[in-house]
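Its first residue numbered 843, the sequence shown is counted upward by one per residue in my numbering.
Glycine included, each C-beta is placed from N, C-alpha and C at the ideal position.
Since the structure is predicted, the reported quantities are computational estimates derived from the model, not experimental observations.
Written below as structure tokens is the structure these notes are about.
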Amino acid sequence: MLPQHSNPHLKLSFVVFIILNVPMVIILNANWKSFIRTDIDWGSSVKPYGMAGDILTTFSQPVASDKNTSVHDTEPGQLSIGEKKDWHDYKAMERDAKRVGIGEHARPAKLNISTLGLQRKLYARNVFNALLSDYISVNRSLPDVRHKKCKKKLYLKKLPMVSIIVIFYNEHKSILLRSVHSLVNRSPPELVKEVILVDDFSELESLHDSLDNYVAQHFTNVRILRLKKPSGLISARLAGARNATAEVLIFMDSHVEAGYNWLPPLLEPIALNSRTVMCPTIDYIEGSTFTYGKYDEGRLGGFSNDFGYAKIKRPREHVKHVWEPFKNPVMMGGSLAISAKFFWELGGYDEGLLVYGAEQFELSFKIWMCGGELYEVPCSRVAHISRDSHLHLYKRKNSPSSVYNYLYKNNKRVVEVWMDDYKKFLYQRHKEYIGIDPGDLTKQRALRSKLKCKSFKWYLKNVAFDVVNRYPPFEPLDYAHGVIQNLGNPELCVDSRTKPVGVKECDGNLEHPRRSQFWALTWRRDLRLKAVRRACIDPNTFETRAPLWITLCHTQGGNQYWFYDHRAKLLKQGQHNQRCLELLPQSKELIINKCNNTNIYMHWHFGFINRTALDNYNINYKFTDF
């Protein structure tokens, strides 16, 4: 408001300014709204998310204030579109902080020993402590395990609405309800258009009328879609997607608990580019005590050389800020957010995939090779109940073939359509695939042609560049293998039958001995049992005079790193090469000790030695050409 005694010329100038500029502001505002949201195809007028290769060049830095910020509050050179806001529900978080009771804050919980028999019975059926779940509130509180930077991040004020699609088959009722409550309670209500529970023809009585009544009494935007015949996870997801009405689809398993503010970090990148697919970082709920466990700030998804899903540690040089979204070659598959338009453009899931398995590979390959991008978001946390297997859920009565036949068939469909010449390496290693009929692939191959998708070689070179180096298509020759014979007492060889690992009389065949003495110094620079391949020698400590144990191979070096100096005959442990394997001659025990070249009991001989490879031990294998 102008002062009462202001200059009349100044007042006139101000009025003229208003007349000339207000229409322009209105026009810009109208254009701005259409720029932010044009049906579902957002991002057509903006720089695609992550195109510069570094997400931090696309979005503003986290803002510590709890107030909204506009585009003018970003740092120079950074792109931010529209107002941002703090989406946290602080009142709900405060209520959770005050909750008390069994299992609250995901602390370890247990029941009276008198219930042990029933616990075991339900555990056998569900592969987790289902009885304990019934004693824990379906509205329970969780710890906030996010990085501190995540708690201060702001996201676009205008975000698309979602349909959350949860598939269940014979899921324990309290587990299913806890999943739904956590997804609803920890999501901004204005962003959730609907939650669709897809019942894949469950047989449990508790999942019929009583579930209908519970949902009707407790939720306004949750509905149940009941399939009329058993379909399997993949077909059930497709049914849910066809029934969904929101612009973004979110697929969830039925045994999850969502963390605080999990939804906005998934939606902002999709709002900026509808061909971006986002996945939360997956934590775990321990199945016997319902404790919350945080894995880490996210790992790369990939595939092993037997086409199993694998998690790979992110290379340090590719991690600028651990809390920021990162490109992921392969999603885990249990939880993801995708534009409905882009999902159907990609053909959804392959309808020829039966029951369960390989869908995460198929969708990930399609996203990357057909013009999209896939990210994992450490600021979005969703925990899954950990159990050894989910396959028991799909062993239905009168099933014509086993679950494992489904998996082989599903894998082969993906391999034949998307993996090009790489498939020959899989078939060479696993000849059981050769005789399997993948079914009609005409529709999937036509889709790939129509979308002009890139080659699998492009995918390996530009997206999954670390996968083939960690899991090579063909196994390189060992640096050494056979017995590990002590030269101080040549009758004794390292043997896995003792605990800890010890020595026994050497087998007569030094190069191809019996299983317990057949060791391999592999291209991964670890010592493995040749017959088992995932069993490695590990001292489990950096202390001197440490014994040796057989542990699961982790391929990360550390205590499992070994080097054989074939000239000095020393078997060195650890990357600093100052500790060596030693035989104690009196007790015949094996220990790790400081290297001493004059100690004959530290001298060892392998049945077979690849001297050329050992002389180039520091040169890493690179698999770049198939």
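Buried versus exposed call for residue i [16 or more other C-beta atoms within 10 Å across all chains shown]
i	result
L1001	buried
Y1011	buried
R1255	buried
E1317	exposed
V867	Residue placement at V867 is flagged as unreliable, the pLDDT there being 39, under the threshold of 50; the coordinate-derived value follows with that caveat. Exposed: under 16 other Cβ atoms inside 10 Å.
V1161	exposed
A1322	buried
V1164	exposed
A939	exposed
E1469	Absent from the model: residue 1469. The displayed extent of the chain is 843 to 1468, so no value can be given.
N1252	buried
W1361	buried
R1117	buried
R1453	exposed
Straight-line gap, residue i to residue j (C-alpha atoms, nearest Å)
i	j	result
F1307	L1289	25 Å
W1104	Y1126	15 Å
N1470	G1150	Absent from the structure is residue 1470, since the part of the chain shown begins at 843 and ends at 1468.
K1266	L1302	15 Å
S1021	F1203	25 Å
F1207	P1171	8 Å
K875	L1268	Confidence at K875 is low in this model, with a pLDDT of 33, below 50, so the placement of that residue should be treated as unreliable; the coordinate-derived value is given next. Approximately 50 Å between the Cα atoms of the pair.
V942	I1038	30 Å
L1371	K1273	23 Å
I978	K1015	12 Å
W929	K995	9 Å
P1122	L1080	21 Å
K1414	E1166	39 Å
E1013	K1285	33 Å
I1180	I1092	7 Å
F1450	Y1406	12 Å
M1174	I955	37 Å
P1072	L1196	11 Å
R1409	N1328	15 Å
K1411	C1395	24 Å
G1469	D1263	What is shown of the chain runs 843 to 1468, which leaves residue 1469 out entirely.
S985	K1136	Rather than Ser, the amino acid found at residue 985 in this sequence is Pro. C-alpha separation (whole angstroms): 10 Å.
T880	R1141	Because T880 sits at a pLDDT of 28, beneath the cut-off of 50, its placement in the model cannot be relied upon, and the following sentence gives the value as read from the coordinates. If I take the Cα positions, the gap works out to 34 Å.
N981	V1064	16 Å
L1109	A1086	17 Å
A948	H989	18 Å
D1349	P1355	6 Å
DSSP bridge partner residues for residue i (one or two, in chain order)
i	result
N1435	C1422
Y1126	G1135 and H1226
Y1151	F1145
M1094	V1008
D1407	L1412
A1455	The partner list for A1455 (beta bridge, DSSP) is empty, contrary to what the question assumes.
W1391	D1380
V1064	V1037
D1337	G1344
L1363	A1322 and L1369
CB-CB length for residue i against residue j, believed under 8 Å
i	j	result
F1168	E1215	Incorrect: roughly 11 Å between the Cβ atoms, too far for contact.
G1324	F1132	That belief does not hold up - the Cβ atoms of G1324 and F1132 are roughly 48 Å apart, past 8 Å.
A1388	I1433	6 Å
R1028	A1100	5 Å
A1113	V1004	Incorrect: roughly 11 Å between the Cβ atoms, too far for contact.
G1190	A1083	6 Å
D1368	Q1420	Incorrect: roughly 18 Å between the Cβ atoms, too far for contact.
M1444	E1424	5 Å
Reduced DSSP category for residue i - H, G, I as helix; E, B as strand; rest coil
i	result
Q961	helix
S1181	strand
M1003	coil
P1107	helix
F1043	coil
I1379	strand
R937	helix
P1220	strand
G1080	Rather than Gly, the amino acid found at residue 1080 in this sequence is Leu. L1080: helix per DSSP, three-state reduction.
G1350	coil
V1037	strand
T1118	strand
K1251	helix
H1323	strand
L1369	strand
V1197	strand
L973	helix
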